[in-house]
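Everything below concerns the one structure shown next.
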Amino acid sequence: MLNQVLQEIANAKEPLSLTVLSNKLAIERGALEGMLAHWVRKGKLRDDDAEEASACNTGGVGSCGSTCTGTNTCSFVAKMPKTYSLPVNTKNNEILNS
Amino acid sequence: MSAAALSSAKIFTINYGGEAEAEITRLAEAITATPAVASQFPARWLAIKLLEADEDIQTRMRVLQGGAALLDGVNKSIVRLQEIYGDDVDTVIADRRYGWINGLVHEVVQRPATNRQTVSDQIDKVVTHRLLGIPIFLLAMWAVFKMTADVSAPYLDWVDGVIGGPLTNWTVALLGLLGASGTWVESLFVDGIIAGVGGVLVFVPVLMFLYLALAILEDSGYMARAAFVMDRLMHALGLHGKSFLPMLVGFGCTVPAFYATRTLENEKDRILTGLLVPFMSCGARLPVYVLFAAIFFPQNSGAVVFWLYLLGIVTAILLGIALKNTLFKGKEQSTFVMELPPYRLPTLRSIWLHMWERTSSFVKKAWTIIMATSIILWVLMAIPVRGEGSFAETDMNHSAFATVNQVIAPVFQPLGFGNWEASSALLTGFVAKEVVVSTMSQVYAVEEAEEEGETPTFFEDVGGIITSFVAATGDTLKSLPLIVGVNLFEEEAEEEPTALMSAIQNGFEASSGGHGALAAVAFMVFVLIYTPCMVAVAAQRQEFGMKWTWFSIIGQLVLAWLMAFVVFQGGKLLGLG
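Written out as structure tokens, the structure is:
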């Protein structure tokens with residue numbers, strides 16, 4: 001079942017929503033979220049939210065003028081929906097065999 | 099209940115399969131035979147945790163007597179099971195667990211056919227439909243910009259009235275008390291700071307309504323669907339599906355949009371998206387569009403703003419396709435899964451907080467960057483370079499500022515706005531896009547005709563501010579149906595444009611040879627496409643390096659010039675404007 005989830009994402013021709021994936025695989029949505037979290041821990045999926053955490057929190061030269069101390073407080077970034085993606089250079093046959 | 103008692107009690111267990119169960123049983127027996135460990139944890143539970151390589155449990159095991167030996171045995175079990183299953187043991191165990199859960203849910207949970215899908219799912223069937231999704235998104239954008247342009251107008255007029263009236267009067271009166279009346283100090287405050295900063299603050303209501311509309315769309319859950327629909331389109335066009343998410347951020351501000359490209363792991367995709375993000379018109383450019391739309395297209399200002407934003411999106415997509423097939427040729431895009439939050443009714447508090455957080459950054463910028471720029475501009479406009487004037491008493495056309503801009507103005511002649519006033523606004527727009535408006539307020543400075551009668555007292559001014567605010571609030575509520583084209587206002591005589599609006603209109607008519615409206619459109623297109631502000635450029639350099647930053651700056655300037663040229667010259671050929 002776990003591998004089915006990963007295979008379905010790898011084979012998809014377009015972006016998927018959690019609902020579509022849940023219906024396609026006949027898996028409860030809550031269970032599906034747990035499965036995705038499992039693959040993120042294993043490094044087979046990327047949690048883009050975690051990557052965003054470093055965005056803007058650089059103390060760098062840029063500032064849009066708002067009081068930004070990181071993604072969780074940025075009023076512009078905070079509303080982006082959560083996404084999971086396959087890591088770069090992941091080929092179809094690598095997903096299940098590595 | 100103690101660990102021993104738990105172990106011996108009848109506990110329901112999940113069957114993890116023949117080979118895994120054999121290893122679990124072997125390990126459980128070894129655990130039971132190790133008193134120091136068995137007294138701490140239930141044997142079967144610990145065996146499973148160890149096979150899952152739970153780091154916390156492993157750490158706790160190492161300090162127990164006999165724990166190290168058990169861990170050795172666990173490692174051997176893991177190796178054996180990995181050879182059998184060809185996969186990580188924790189994955190196998192998790193897979194069996196989820197399979198059992200799923201099976202149980204299917205057996206015991208009964209949902210009536212009508213309830214299998216939530217309300218959110220049913221709405222999503224329409225909102226994320228392959229054919230309907232994008233038209234619905236465009237409709238939502240239309241409503242946002244109609245609201246921004248039309249509904250904010252009463253408050254915009256109120257702020258303009260307060261700044262141009264009581265605030266200016268009080269400043270002049272205060273300076274008079276300090277003996278600065280009629281001096282360059284008064285000019286600095288009135289023609290520099292109030293004209294410059296005030297010219298931008300007038301648009302605070304516009305930004306508030308824009309962010310109000312966006313907050314409603316975000317808090318309701320729709321914005322995630324918009325991103326999903328557009329991502330699907332981007333993917334279909336060969337661009338990375340996740341590119342639209344940073345672009346969506348760019349509608350507020352380009353700076354965090356650059357940083358948001360970090361969600362794209364592939365460096366090529368990230369750089370390409372970074373090149374496209376500036377075409378998403380940020381909130382700071384909105385005052386320019388609203389001002390020019392109000393001057394040249396007063397009956398259709400909302401539509402003008404909508405089409406400009408749409409042009410930015412279309413330009414980004416077309417440029418993205420072109421770059422994807424040339425400089426950024428790469429492998430087929432991988433897909434992704436997006437979590438769409440359930441729809442919900444936005445709360446007033448949440449909407450207000452999000453609206454205020456974003457608007458306050460605009461106001462904060464007004465009191466810092468824009469004020470500093472306004473002062474510098476005033477100084478440059480006060481320094482005489484030609485003619486007979488002295489400091490702060492020179493003809494503006496003979497000032498240092500005008501002289502510099504008269505050199506670059508001819509570049510914009512083919513675009514219909516080859517006067518130094520317009521080119522100066524574009525130049526200072528590099529500091530911050532709002533400065534385009536504040537510069538226009540300063541360079542087109544005209545004195546409003548003085549109203550006859552007594553100067554109102556302080557308390558009369560305060561009373562006037564309050565009553566006009568109440569009236570503006572009433573007009574704003576009456577403006578809400580304008581979003582759907584219903585006009586509740588009585589037919590009134592057309593409002594006379596302000597002196598500033600007339601000056602801008604006359605300036606563009608003169609520079610374009612009588613095609614002022616067309617030149618205005620070309621100007622707005624130039625503002626849409628050209629280089630973002632210096633803070634955004636600094637962020638771009640930080641994220642993508644000098645090479646790509648220069649590529650972007652030069653590319654955007656060239657593209658802006660070409661597009662504005664096509665608009666103006668093409669429009670003239672077609673007999674438009």
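Chains as they are written, first to last, in the working numbering: chain A, 1 to 98; chain B, 99 to 675. Beta carbons are placed, not taken as given, at the ideal position from N, Cα and C, and that holds for glycine. In this text, all values refer to a predicted model and were calculated from it rather than measured experimentally.
- Task: Given a cut-off of 8 Å, decide if Asp-193 (chain B) and Ala-84 (chain B) are closer than it, judged by their beta-carbon atoms.
- Result: Given that chain B is displayed from residue 99 to residue 675, the structure contains no residue 84 (chain B) and the question cannot be resolved.
- Task: Taking only beta-carbon positions, decide if Lys-24 (chain A) is within less than 8 Å of chain B.
- Result: no
- Message: Any beta carbon of chain A sitting closer than 8 Å to that of Val-225 (chain B)?
- Response: no
- Under 8 Å between C-beta atoms of Ile-129 (chain B) and Ala-145 (chain B): yes
- Task: Please state whether DSSP places Thr-83 (chain A) in a helix, a strand or coil.
- Result: strand
- Item | Assigned exposure category for Lys-44 (chain A) - 16 Cβ within 10 Å defines buried | buried
- Using a Cβ-Cβ cut-off of 7 Å (strictly less than) and excluding sequence neighbours within five positions of Ile-369 (chain B), which residues of its own chain qualify? Phe-642, Trp-646
- Task: Determine the extent of the alpha helix (DSSP H) in which Phe-394 (chain B) is found, giving its start and end residues.
- Result: 384 to 394
- Query: I think Leu-254 (chain B) touches Phe-301 (chain B), with their Cβ atoms under 8 Å apart; what is that distance to the nearest whole Å?
  - Reply: 7 Å
- Message: Going by the DSSP bridge assignment, what does Pro-482 (chain B) pair with across the sheet?
- Response: B:Ser-497
- To the nearest angstrom, how far is it from the Cα of Ala-591 (chain B) to the Cα of Pro-396 (chain B)? Its pLDDT being 49, under 50, Ala-591 (chain B) is placed unreliably in this model, and the coordinates cannot settle the point.
- If you measure beta-carbon to beta-carbon, which residues of the stretch 299 to 329 of chain B are closer than 7 Å to chain A? Glu-316, Met-321, Ala-322, Ala-325, Phe-326, Asp-329
- Message: For chain B, check one thing: does any of its Cβ atoms lie closer than 8 Å to the Cβ of Ala-12 (chain A)?
- Response: yes
- Query: Taking the C-alpha atoms as reference points, what is the distance between Ile-199 (chain B) and Gln-180 (chain B)?
  - Reply: 23 Å
- Message: Less than 8 Å between the beta carbons of Val-249 (chain B) and Ile-581 (chain B), yes or no?
- Response: yes
- Determine the chain A residues that contact Ile-176 (chain B) at a beta-carbon separation under 9 Å, and present them in chain order. Near Ile-176 (chain B) there are no residues of chain A at all, since even the closest Cβ is about 15 Å away, more than 9 Å.
- Which value, in whole angstroms, describes the spacing of the CA atoms of Ala-597 (chain B) and Val-270 (chain B)? 20 Å
- Item | Contact under 8 Å by Cβ, Ala-325 (chain B) with Pro-87 (chain A) | no
- Query: Along chain B, which residues have their Cβ under 9 Å away from the Cβ of Ala-31 (chain A)?
  - Reply: Tyr-196, Ile-199, Asn-200, Val-203
- Can at least three beta-carbon pairs, one atom from the stretch 339 to 353 of chain B and one from the stretch 372 to 386 of chain B, be found at a separation below 8 Å? yes
- Task: Could you check the C-alpha separation between Pro-15 (chain A) and Phe-434 (chain B) for me, to the nearest Å?
- Result: 5 Å
- Query: What is the residue span of the beta strand (DSSP E) that Phe-434 (chain B) lies within?
  - Reply: 434 to 436
- If you check the beta carbons only, do Thr-413 (chain B) and Phe-390 (chain B) fall under 8 Å apart? no
- Task: Could you check the C-alpha separation between Gly-673 (chain B) and Trp-659 (chain B) for me, to the nearest Å?
- Result: 21 Å
- Message: Tell me whether the stretch 320 to 338 of chain B and the stretch 608 to 620 of chain B touch, counting them as touching only if at least three CB pairs, one residue from each stretch, are closer than 8 Å.
- Response: no
- Query: In chain A, which residues lie less than 9 Å from Val-56 (chain B) when you measure between Cβ atoms?
  - Reply: Here chain B covers residues 99 to 675 and nothing more, so residue 56 (chain B) does not appear.
- Task: Write down every uninterrupted run of the beta strand (DSSP E) in the stretch 285 to 320 of chain B whose length is 3 residues or greater and which is fully enclosed by it, in chain order.
- Result: none
- Task: Just confirm the distance between the C-beta atoms of Gly-428 (chain B) and Lys-366 (chain B), as a whole number of angstroms; I'd bet it's less than 8 Å.
- Result: 5 Å
- Could you spell out the range, first to last residue, of the alpha helix (DSSP H) harbouring Trp-450 (chain B)? 446 to 463
- Message: Taking a contact to mean a Cβ-Cβ separation below 8 Å, would you say Trp-476 (chain B) touches Leu-299 (chain B) in this structure?
- Response: no
- Message: If we define contact as Cβ-Cβ less than 8 Å, is Pro-439 (chain B) a contact residue for chain A?
- Response: yes
- Nearest candidate by alpha-carbon position, reference Ala-392 (chain B), set B:Gln-638, B:Trp-240, B:Val-172, B:Ala-251: B:Ala-251
- Query: Pick from B:His-333, B:Ala-241, B:Ala-358: whose alpha carbon is nearest that of Leu-315 (chain B)?
  - Reply: B:Ala-241
- Message: For Thr-281 (chain B), tell me which candidate among B:Ser-488, B:Ala-634, B:Phe-649, B:Gln-667 has the shortest Cα-Cα distance.
- Response: B:Ser-488
- Would you report the Cα separation of Lys-340 (chain B) and Arg-46 (chain A), rounded to the nearest angstrom? 13 Å
- Item | Proximity winner among B:Thr-111, B:Ile-602, B:Ala-120, B:Phe-649, relative to Gly-516 (chain B) (alpha-carbon distances) | B:Ile-602
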